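J.:
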Amino acid sequence: MSKQFDGWPHIIESQQFSREWLEKEFLPLTDEMKIVFENRGCEILRGMRMVSSFYQPSTRTSMSFAMAMDYLGGRVVHSSENAGDFSSAKKGESFRDAIKVINRYRPDVIVIRYNKDIGAKFAAEVSKVPIINAGDREPGQHPTQALLDWRTIFKRRGAIDGLKIAMVGDLIKGRTVRSLSYLLGKFNDVEIDYVSPPNTRMMDDVKEYLTRHSVKFNELTDLREVAPLVDVIYQTRAQTEEGTLLDMSAGYFIVDRTILDLMKKEAIIMHPLPRRDEITPEVDDDPRAVYLTEQIDSGLFTRMALLKMILAPHK
Amino acid sequence: MSKQFDGWPHIIESQQFSREWLEKEFLPLTDEMKIVFENRGCEILRGMRMVSSFYQPSTRTSMSFAMAMDYLGGRVVHSSENAGDFSSAKKGESFRDAIKVINRYRPDVIVIRYNKDIGAKFAAEVSKVPIINAGDREPGQHPTQALLDWRTIFKRRGAIDGLKIAMVGDLIKGRTVRSLSYLLGKFNDVEIDYVSPPNTRMMDDVKEYLTRHSVKFNELTDLREVAPLVDVIYQTRAQTEEGTLLDMSAGYFIVDRTILDLMKKEAIIMHPLPRRDEITPEVDDDPRAVYLTEQIDSGLFTRMALLKMILAPHK
Amino acid sequence: MSKQFDGWPHIIESQQFSREWLEKEFLPLTDEMKIVFENRGCEILRGMRMVSSFYQPSTRTSMSFAMAMDYLGGRVVHSSENAGDFSSAKKGESFRDAIKVINRYRPDVIVIRYNKDIGAKFAAEVSKVPIINAGDREPGQHPTQALLDWRTIFKRRGAIDGLKIAMVGDLIKGRTVRSLSYLLGKFNDVEIDYVSPPNTRMMDDVKEYLTRHSVKFNELTDLREVAPLVDVIYQTRAQTEEGTLLDMSAGYFIVDRTILDLMKKEAIIMHPLPRRDEITPEVDDDPRAVYLTEQIDSGLFTRMALLKMILAPHK
């Protein structure tokens, strides 16, 4: 099996993927997967076993992985959305034990969402079985989300180079916008507008990475300022899983009729879901909204492509 | 695919089913399903995919659906008993998003138990994939329970016309007695005795429906009064999921030895389970008790029949 | 189907298994299962259905059973790690109802972890379908753990007779050390050292059983005293599921470098997992440590063997 990307065969963070891989390997494979899906599935992963261990429930993401495995003919032998235990062990220690235990059963792939630190990275360190990161605890990364987001943009706009992208909301915790930023840093003439209250701005690790890769970025507090200029608005949750609310009085962060009227005709509106009140329902039927349609489809094709690539590279 | 009942292909509430459909379509199909079950399964749903999303855990109901799918050769690709998120969104909004997302994966059927409002109805409004309501939040409906209850009565008594039925307990919240009442309203000379404390009486929507369909009903507080007269005692939980206790001092609501001694020999005792203290263990082995036997069997055959009808109507 | 052990076909507690069965039936079958595993599975349980109902979550144990079923070609039709309801019913009553309900669906085997009393025993009383106890509430038993522990020791040491075994930690609640003690009582010249604070000593039922079977045992508070003498150190959790901490000041109960240096070269270190701080990470790579390797493997082969024995005895 040839090494396809850094860290192969584990999928841990966006930095692993090169521009060449994204465009030459990943994208064509997702298009193949779309055909498999439209044919109602295939059998190339027949007999293969996935274990899915979520320490933090996420019905949406675990369903997407289960569907991807199923459409390829594989099966989820064990799935937990409540994998944690009441551990008082040293940080990550009992998690590493869990990964070692799962390894003994020799599944073909392990899908992990850990609720502390950068669990997937810890897992990859001790696992011979391929690990797929289904979302770190925030802040952290969510690389399969970044890949599906990247594909969604690429399929609509035909290219990433030269795009201007607004990322909106709770950026300090947002693993999806963190992972997507790392991915966009690999392209030319990309410009990112980070729109958030001052206290939830994007963290320095990402901004330093962008500076190193010559990606221009701005930080502002009013989405109306950039809505007419951007090609993509990537909205995130206004309320974090920890329950803190975005300080709405610090600017303008809602995607609503006002923003729709300002936006370019060919721009798109994205969201990782679940959506709260940060995109109003009137936006849903606008042709620029892709969060309930193309992002979901790309999510399925992305996960199918990764599974195919890792588990059956020569089929 | 021909339309078999109102609202086809979604199964949302008891009002959808006509007397003709119940007797001519549904009942014979459940008998076929019994034979499939006794043969240890078949393959007519081979390759078909169920998604089961419960926002309120119910091991019993989700197991019944999973078994039904399995005995027909289909599979549950994803099942969650904890599908809810900590949403602050407008009522039902994020739930509608979830249904739209699941639709993108193109499963063949979606089984839903929602924890707020009449979720299955909301789901059906936005879903192209058939929705089966596995129980609304109380009050609300539980149509597959009503169908299995109806079948249980029919198989034991040979007819519904002319029966006298007591429904006992927390009627104000009881989705099972609500759904069954709607179904019984389609038959002739049925009479219902609602036995409950004054503060948990059957709600007006059901009583108005019965009046409109000329179904006689009475409201009383002592099961002993009607126990000698009824053909069916349908007992419900004495403690609601919200934890409020039935006011036992307001009358007589327990099915026990006293009630057994009063009942007709050919009458039956039903309960939707889980049972608490409202039926005493001494009742379990009485031949009139069907809650741990025929109701469970009918539940499996009912769900198998619905799945067969919706997913493989011409096989 | 011939009766293979007491209580056949249910697996409830360690007392069921005779020395002869362990050595002549069980052990060779686990070795066969190891070959099946290395061949990536077989189909002898094709078409067979497991129901797995856990009233107390245990990702580790439920995964081991799911994997065992899968490697034999069977399937888990329904699995719940949250099977309990908010019942106020009499002790065990609604649980017995649940087992009766599951029986109506005619699965081939039911795996149970109950959170009150000795649930598996209750279940076996009312179940025609084979019940496998996946762990009682503590104190209680965990017979499949005892079998895998027994196999692990046997495979390393070649015999059980004559061994000296230290069991360490919270012995009063430890179902694993309780079940293993019952099993060891069937062998000759075994000696057990129970190492625990005075307030968490092994309970009398086990000690009386050992006395009756002429097994020598000692109770002490310092693992260092016996570490140089024993063939096995069986460590247990320093913190119970109820959250109480072992009184560490009452003696020496940690397996660390100090203990490693004292131990015999051919001794082994066991733990039922999850591990907390009671075995330090420096122990993990010592060749005497088997808790992340051989115990896990034996767990899989043990559960496969039991399933094969009960569900397909003549294949």
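Chains as they are written, first to last, in the numbering used here: chain A, 66 to 380; chain B, 66 to 380; chain C, 66 to 380. Glycine included, C-beta positions come from ideal geometry on N, C-alpha and C. Just so it is clear, the structure is predicted and the values come from calculations on it, not from any experiment.
Taking contact to mean at least 3 C-beta pairs separated by less than 8 Å, is the stretch 325 to 343 of chain C in contact with the stretch 188 to 204 of chain C?
T.: In short, these stretches do not touch, since the Cβ pair count stays below three.
J.: Return the residues of the stretch 122 to 149 of chain B that lie within a Cβ-Cβ distance of less than 7 Å from chain A, sorted by chain order.
T.: Those residues of the stretch 122 to 149 of chain B that come within reach of chain A (Cβ to Cβ, closer than 7 Å) are 142, 143, 145, 147 and 148.
J.: How long is the line joining the alpha carbons of residue 265 of chain A and residue 121 of chain C, rounded to whole angstroms?
T.: 38 Å
J.: Less than 8 Å between the C-beta atoms of residue 132 of chain B and residue 140 of chain B, yes or no?
T.: no
J.: Using Cβ-Cβ distances below 8 Å, what residues of the stretch 311 to 324 of chain B are close to chain C?
T.: none
J.: Three-state secondary structure (DSSP) at residue 163 of chain A?
T.: Helix at residue 163 of chain A.
J.: Quick check on this structure: which residue in C/201, C/236 and C/185 has the alpha carbon closest to the alpha carbon of residue 336 of chain C?
T.: Nearest of C/201, C/236 and C/185 to residue 336 of chain C, Cα basis: C/236.
J.: For a quick check, are the C-beta atoms of residue 196 of chain C and residue 177 of chain C less than 8 Å apart?
T.: yes
J.: Smallest Cα separation from residue 316 of chain B: which of B/83, B/263 and B/251?
T.: Of all alpha-carbon atoms in B/83, B/263 and B/251, the one lying nearest the alpha-carbon of residue 316 of chain B is that of B/263.
J.: Pick out the complete beta strand (DSSP E) segments inside the stretch 98 to 151 of chain A, 3 residues or longer, and give them in chain order.
T.: 114 to 119 and 140 to 145
J.: Using a 10 Å radius around the Cβ and a threshold of 16 neighbouring Cβ atoms, would you call residue 231 of chain C buried or exposed?
T.: buried
J.: Output yes if chain C places a C-beta closer than 8 Å to the C-beta of residue 116 of chain A; else output no.
T.: yes
J.: Between the alpha carbons of residue 128 of chain A and residue 257 of chain B, how many angstroms are there, rounded?
T.: 44 Å
J.: According to DSSP, simplified to helix, strand and coil, what is residue 354 of chain B?
T.: strand
J.: Taking contact to mean 3 or more Cβ pairs, one atom from each stretch, closer than 8 Å, check whether the stretch 78 to 98 of chain B and the stretch 157 to 171 of chain A are in contact.
T.: no
J.: Would you call the CB atoms of residue 204 of chain A and residue 238 of chain A closer than 8 Å?
T.: yes
J.: Under DSSP, the beta strand (DSSP E) around residue 225 of chain C begins and ends at which residues?
T.: Note, residue 225 of chain C: premise wrong, no beta strand (DSSP E); not H, not E.
J.: For residue 201 of chain B, count neighbouring C-beta atoms within 10 Å of its own C-beta (all shown protein chains included) and say buried if the count is 16 or more, exposed if not.
T.: Buried is the label assigned to residue 201 of chain B, since at least 16 other Cβ atoms lie within 10 Å of its Cβ.
J.: Give, in chain order, every unbroken run of the alpha helix (DSSP H) that is at least 4 residues long and sits entirely within the stretch 225 to 291 of chain B.
T.: 240 to 249, 269 to 277 and 288 to 291
J.: Please list, in chain order, the chain A residues whose beta carbon lies closer than 9 Å to that of residue 209 of chain C.
T.: Simply none; closest approach about 15 Å.
J.: Determine, for residue 202 of chain B, whether the minimum Cβ-Cβ distance to residues of chain A falls below 8 Å.
T.: no
J.: What is the rounded straight-line gap between the Cα of residue 152 of chain A and the Cα of residue 339 of chain C?
T.: In this predicted model, residue 152 of chain A has a pLDDT of only 39, less than 50, meaning its place in the structure is not dependable; the value taken from the coordinates is given anyway. Their Cα atoms are separated by approximately 8 Å.
J.: Looking only at its chain, what residues have a beta carbon closer than 8 Å to the beta carbon of residue 106 of chain A, apart from the 5 residues adjacent to it on each side?
T.: 135, 136, 137 and 138
J.: Where residue 399 of chain A and residue 175 of chain B are concerned, what is the direct C-alpha to C-alpha distance, given to the nearest angstrom?
T.: In the structure as shown, chain A begins at 66 and stops at 380. Residue 399 of chain A is therefore absent and cannot be evaluated.
J.: Looking at the structure shown, is residue 168 of chain C part of a helix, part of a strand, or coil, going by DSSP?
T.: helix
J.: Among A/259, A/314 and A/347, which has the Cα closest to the Cα of residue 323 of chain A?
T.: A/347
J.: Roughly how many angstroms separate the alpha carbons of residue 123 of chain C and residue 273 of chain B, rounded to a whole number?
T.: 49 Å
J.: Assuming contact is defined by CB atoms lying nearer than 8 Å, are residue 247 of chain B and residue 83 of chain B in contact in what I supplied?
T.: Here residue 247 of chain B is not near residue 83 of chain B, since their CB atoms are 8 Å or more apart.
J.: Taking the alpha-carbon of residue 353 of chain C as reference, which of C/366, C/377 and C/327 has the nearest alpha-carbon?
T.: C/327
J.: Looking at chain B, is there any beta carbon in it that lies within less than 8 Å of the beta carbon of residue 170 of chain C?
T.: yes
J.: How about residue 209 of chain C and residue 357 of chain C: are their beta carbons less than 8 Å apart?
T.: no
J.: Out of C/301, C/99 and C/70, point me to the one whose CA is closest to residue 59 of chain C's CA.
T.: The structure shown does not extend to residue 59 of chain C, since chain C is modelled only from 66 to 380, so the question has no answer here.
J.: How would you write the range of the alpha helix (DSSP H) that residue 322 of chain A sits in, first residue to last?
T.: Note, residue 322 of chain A: alpha helix (DSSP H), 322 to 327.
J.: Using only the alpha-carbon positions, how far apart do residue 363 of chain C and residue 369 of chain B sit?
T.: 39 Å
J.: Is residue 161 of chain A near residue 206 of chain A, with beta carbons less than 8 Å apart?
T.: no
J.: For residue 361 of chain A, decide whether its Cβ has a neighbour in chain B, counting only Cβ atoms nearer than 8 Å.
T.: Output row for residue 361 of chain A: interface = yes.
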